[in-house]
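Shown next, in structure tokens, is the structure this report addresses.
Take a look at the structure:
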């Protein structure tokens with residue numbers, strides 16, 4: 027069941043996950059997109075700013091997107107289409123074997139200025155690891171069709 | 027040759043790419059991280075908000091990170107470590123076969139408030155396709171070691 031802008035309300039929350047980050051996946055993502063010492067091996071990471079192997083923040087962002095598609099965002103008609111990101115923070119690194127969950131909250135809603143058939147919701151998504159530590163906070167504006 | 031905070035200046039620019047986005051890579055990324063109609067096949071995309079197959083914005087962000095590591099950011103001692111993202115926009119979709127380039131500019135610099143051995147640079151990275159259209163703008167704060 028898809029939802030429209032008109033079905034949503036400020037304060038609604040949505041949950042997704044868990045998704046486990048394996049060591050192999052962490053390293054494979056880094057080799058492709060973020061080949062830096064802290065993401066490639068325990069040995070190389072030891073002398074990095076982190077001192078240990080940690081996931082690329084972009085891997086955390088991509089995994090969070092997967093959780094958004096799978097339930098951590100409203101099941102919007104037309105899919106989750108980002109108009110833009112207002113902020114991303116990574117307060118705690120993601121480590122090999124971490125189990126992530128995501129929760130989103132609608133912070134704000136407004137009709138589109140240019141398109142009568144669309145609205146925008148501001149969605150804050152908090153990603154946590156298995157200990158409850160926040161590994162990512164992202165605030166995004168999502169395009170949502172209106173009932174016409 | 028690695029650089030330190032003290033070696034950098036507001037207004038410096040850095041170039042990276044080109045990187046080509048193949049159709050197979052575009053779909054493989056989406057199947058894993060952003061399995062939505064507009065990213066999975068031409069057929070499914072036709073009735074989406076985009077009307078054609080386009081890359082996930084997170085794929086564009088990840089490819090831009092690769093270009094940052096490979097030269098589109100200063101070669102900072104300790105690597106490119108994001109303290110956080112201030113903004114991401116995706117003004118034009120990335121399509122199969124697009125050839126991307128990235129250019130970064132240091133917008134601002136400040137010493138860390140908490141750590142005398144670190145500074146922060148605000149780096150704006152503009153990613154363009156082969157026609158010169160801007161596909162992504164990202165503004166990030168990057169942690170940079172100071173000479174001690």
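Residue numbers (the working numbering), protein chains in the order written: chain A, 27 to 174; chain B, 27 to 174.
In this text, a Cβ means the ideal position worked out from N, Cα and C, and glycines have one as well.
Counted as a single uninterrupted DSSP element, the beta strand (DSSP E) harbouring residue 114 (chain A) occupies residues 107-115.
The C-beta of residue 56 (chain A) has 16 or more other C-beta atoms within 10 Å across all chains shown, which makes the residue buried. In the displayed model, residue 95 (chain B) falls within a helix according to three-state DSSP. Exclusion of the five residues before and after residue 88 (chain B) leaves 55 as the residues of its chain whose Cβ lies within less than 8 Å of its Cβ. With a beta-carbon spacing of about 19 Å, residue 121 (chain B) and residue 110 (chain A) fall beyond the 8 Å limit used to define contacts. Take residue 150 (chain A), set aside five residues on each side of it, and the residues of its chain with a beta-carbon closer than 6 Å to its own are 131, 133, 165, in chain order. Nearest to residue 153 (chain B) by C-alpha distance, out of B:38, B:43, B:30, is B:43.
Interface flag for residue 88 (chain B) against chain A is set, since a Cβ pair is found closer than 7 Å.
Secondary structure note for residue 57 (chain A): its alpha helix (DSSP H) is the uninterrupted segment 49-59.
Residues of chain B whose Cβ lies closer than 9 Å to the Cβ of residue 74 (chain A) are, in chain order, 104, 105, 107. The beta carbon of residue 171 (chain A) sits closer than 7 Å to the beta carbons of 30, 31, 103, 104, 143, 144 from its chain, once the five residues preceding and following it are set aside; these are given in chain order. Along the segment 134-167 of chain B, the beta strand (DSSP E) occurs as fully enclosed runs of 3 or more residues at 144-154, listed in sequence order.
In this structure, the alpha-carbon of residue 138 (chain A) lies about 45 Å from that of residue 71 (chain A).
Among the residues facing chain B, residue 40 (chain A) is not included, as its CB has no counterpart in that chain under 7 Å away.
With its beta carbon less than 7 Å from one in chain B, residue 92 (chain A) belongs to the interface. Inter-segment contact for the segment 59-70 of chain A and the segment 36-50 of chain B is absent: fewer than three beta-carbon pairs are separated by less than 8 Å. With contacts defined as CB atoms closer than 7 Å, residue 91 (chain B) and residue 59 (chain A) qualify as a contacting pair. Counting only residues of its own chain and dropping the five nearest sequence neighbours on each side, residue 82 (chain A) has a CB closer than 7 Å to the CB of 55, 56, 59, 60, 65. Residue 163 (chain A) is outside the set of residues whose beta carbon lies under 7 Å from a beta carbon in chain B. Nearest CB-CB separation between residue 115 (chain A) and chain B: below the 7 Å threshold. Within 7 Å of the CB of residue 61 (chain B), the CB atoms of chain A belong to 95, in sequence order along the chain.
In the three-state scheme derived from DSSP, where H, G and I count as helix and E and B as strand, residue 64 (chain A) is classed as helix.
Rounded to the nearest angstrom, the Cβ distance from residue 126 (chain B) to residue 136 (chain B) is 30 Å, too far for a contact under 8 Å. The three-state secondary structure of residue 128 (chain A), taken from DSSP, is strand. In the DSSP assignment, residue 80 (chain A) is bridged to no other residue. CA-to-CA, the gap between residue 113 (chain A) and residue 174 (chain A) works out to about 31 Å.
Take the alpha-carbon of residue 106 (chain B) and the one of residue 96 (chain A): they are about 31 Å apart.
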